[in-house]
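Residue numbers (the working numbering): 177 to 684. Where is the CB? At the ideal position from N, CA and C, for every residue including glycine. Quick caveat: nothing in here was measured; it's all calculated off a predicted structure. Here's the structure, in structure tokens; my notes come after.
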């Protein structure tokens, strides 16, 4: 026996494998971007937590974000048409916060920005595979977004750590420590010197007052910014250095027997055909026919539009599912396309009926914000049905590409319409002409934006308005209170918006 079976190797027992440390490559641009991210996070904390309602401040956040993104990515931000379009759309949505004061638009625009900005940013990464018009893009870019936020948290600290490769990198830590020490010394010495010399105290009074007022808030802002910065910088680091693009996964072709959808479409077509026949009987039979059925013509004509709009959404979903999942061969597929076309036509007729009912309702009760948005929603649904109809007869047509672009363009367009002003003008006109016996002043004052005030000024200022069933105020007093609220918004640049500014400067 020459070698023992359990003998140790010549180098002794094997050493345990050491944990690999993730190494981040950084350069001068990373340090510039890190400084920009810290300032941006400071701005976000200051505006989001210390100002309400959000106005120009939120506009500044979005514009500053794109300044940091441009510093990180350079020309890549404007290289593709998709990026340029989303860049412009996001800036326009952000500008809406500085222009209008409608709460509903602000809420929906905020949701839109929270979706579109990550989609845009992650689309600039070379790791993105799916184009913007593919529904699978949403899941892919969601993964890229959270991977960037949480996958490179050490990048910010590595950027501040001397690498030894360049002279500048070795001095970053020294510059940060020196700046922090100098700031602390200045904060300590300025009050001391002011107490020692009256002339210096007078010269620095405004500075010391500013520091005294804003110091505590600034410290909290800085702490919040330092907490968030590693996540945001990690995302930008990943965008600059994306993982190698994976191969585009083979599309999973899901298909089903067209007979399944044919039966569904036939049932829906029959139901809507019967519904439209009954509707036509009421329309052409008039009040006499409806009275025989125990139904008021006004009640019948002015109800049901929201339900009709709702069922058209279901119809559109069924049409798209049938077109995408059915096997496109044989006589069954031809019949299915005919039934889909019939369903689209019936849905358009339903939308027209809903439009007619809504118009009757508006003629009786006037405009409101919800009714105006219903008009917009019906117009968008009609566009979607036309696009879906083309998809049924042209398999190569990209419905999502058209629908996504139309939805974004339509939303930007409705943001440009002064809906609150139009609603207030319509309601005040109806009241002053005697067409309406009463006017909902609470709705116009508090549910809509400051754009309504110029129209409410047309009402008698001495008119008594009852609130909370017992409190009585004059109309002029309530309008003045609302105008004072607009002035408060304009007092801080973070909450400033053009709508409040115009309202604050109008009237008495």
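Setting aside the 5 residues that flank it on each side, residue 575 is surrounded in the same chain by 496, 563, 564, 567, each with a C-beta closer than 7 Å to its C-beta; the list follows chain order. The region 274-283 and the region 615-632 touch, with no fewer than 3 CB-CB distances between them shorter than 8 Å.
Of the residues assessed, residue 295 falls on the buried side of the cut-off, its CB having 16 or more other CB atoms within 10 angstroms.
The Cβ-Cβ distance between residue 288 and residue 235 does not fall below 9 Å. In the displayed model, residue 609 falls within coil according to three-state DSSP, outside both helix and strand.
Collapsing the DSSP output to three states places residue 227 in coil.
A contact is defined here as three or more CB-CB pairs under 8 Å, and the region 521-538 meets this definition with respect to the region 482-493.
Residue 508 holds the alpha-carbon nearest to the alpha-carbon of residue 439 among 389, 508, 380. The beta carbon of residue 606 sits closer than 7 Å to the beta carbons of 542, 612 from its chain, once the five residues preceding and following it are set aside; these are given in chain order. Judged by DSSP in its simplified three-state form, residue 603 adopts helix. With a minimum length of 4 residues, the unbroken runs of alpha helix (DSSP H) contained wholly in the region 658-683 fall at 674-681.
It is roughly 10 Å from the alpha-carbon of residue 221 to the alpha-carbon of residue 394. In the three-state reduction of the DSSP assignment, residue 417 falls in the coil class.
With respect to the 9 Å criterion, residue 671 and residue 400 are not classified as neighbours on the basis of their beta carbons.
Within the same chain, 552, 555, 556, 559 come within 8 Å of residue 586 by CB-CB distance, once the 5 residues on both sides are set aside. For residue 578, the enclosing alpha helix (DSSP H) begins and ends at 575-591. In this structure, DSSP gives residue 260 a helical state, which the three-state scheme calls helix. Residue 411 and residue 431 have their C-alpha atoms roughly 38 Å apart. The beta carbon of residue 511 sits closer than 7 Å to the beta carbons of 438 from its chain, once the five residues preceding and following it are set aside; these are given in chain order. Cα atoms of residue 641 and residue 455: separation of roughly 42 Å, rounded to the nearest angstrom.
The region 247-259 and the region 296-307 touch, with no fewer than 3 CB-CB distances between them shorter than 8 Å. Secondary structure note for residue 620: it is in no beta strand (DSSP E), with a DSSP letter that is neither H nor E. Taking a C-beta distance under 9 Å as the contact criterion, residue 413 and residue 206 qualify as a contact pair. Looking at the backbone, the Cα of residue 238 and that of residue 435 are separated by about 50 Å.
Secondary structure at residue 432: strand, using DSSP grouped into helix, strand and coil. Taking the Cα positions, residue 326 is about 20 Å away from residue 215.
Contact between residue 647 and residue 617 is absent: CB atoms are separated by about 13 Å, not below the 8 Å threshold. Within the DSSP secondary-structure output, residue 649 pairs in a beta bridge with 641. With contacts defined as CB atoms closer than 9 Å, residue 518 and residue 441 qualify as a contacting pair. Residue 584 sits away from residue 217, with the two beta carbons spaced by 9 Å or more. The closest CA to that of residue 203, considering only 252, 332, 223, is found on 332. Beta-bridge analysis with DSSP links residue 502 to 432. Here residue 602 is buried, its C-beta having at least 16 other C-beta atoms within 10 Å. Cβ-Cβ separation between residue 253 and residue 262: approximately 10 Å, too far for a contact (criterion under 8 Å).
Residue 649 and residue 490 have their C-alpha atoms spaced approximately 47 Å apart. A straight line joining the alpha-carbon of residue 673 with that of residue 665 spans about 8 Å.
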